[in-house]
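Engineer:
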């Protein structure tokens, strides 16, 4: 019994540490990409309150649990001033988040190849797999995922206002899909594919 509890606690700690590695650095990279594209504008921090100093600033409790139990999930999205931000910037801001996830997945996967510590290897491997998974699930156009914000760039003004007003229901919709087991069924083959990709990066002879 004690061994079971110890193993469960170990998996939870690994999972939470991996979640931190896929969330905060993701927003740091997003910030870097955005700064490169648009420079240091005066209004930038007003439109996008970029990087939270706390490492747990982007932790979403439901997202953590879904990663732990289903191997997929999401992070807390950064705040955006939808009224003031231009659509092109919002599109790129959201796109950079997705690209950051895939880049982190590659970085963590490559780093794990050179790790001699079993603890560090397991953490980097899990972070690599979850980063790729976060990048894939972020392509689903439901709030609060990044691709839903990318869609805004192509909406009419009326639809844009409707989205801002009712985006909270997108979160409820995703939770409903999760409770009804629809989302896990959809993501299961993708998780298997992502695991194979991660294994190729980490263990492949190339």
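In the UniProt record's numbering, the protein residues as written are 1 to 206.
From the three backbone atoms N, C-alpha and C, an ideal C-beta is built for every residue, glycine too.
Between residue 151 and chain B, is the shortest Cβ-Cβ distance under 8 Å, so that the two count as touching?
Structural biologist: No chain B appears in this structure, which consists of one protein chain only.
Engineer: Give the straight-line distance between the Cα atoms of residue 43 and residue 31, rounded to the nearest whole angstrom.
Structural biologist: Legend: pLDDT at residue 43 = 47, less than 50; position of this residue unreliable, value from coordinates given subsequently. About 14 Å.
Engineer: Cβ of residue 87 within 8 Å of Cβ of residue 152?
Structural biologist: yes
Engineer: With residue 138 and residue 108 assumed to form a contact (beta carbons below 8 Å), what rounded beta-carbon distance in angstroms separates them?
Structural biologist: At roughly 17 Å, the Cβ-Cβ gap does not stay under 8 Å, so residue 138 and residue 108 are not in contact.
Engineer: Helix, strand or coil: how does DSSP classify residue 101 here?
Structural biologist: helix
Engineer: Measuring only the C-alpha atoms, how far is residue 202 from residue 126?
Structural biologist: 11 Å
Engineer: My assumption, with CB atoms under 8 Å, is that residue 22 sits in contact with residue 104. Please give the rounded CB distance.
Structural biologist: 6 Å
Engineer: Within the continuous alpha helix (DSSP H) that includes residue 130, where are the two ends?
Structural biologist: 118-137
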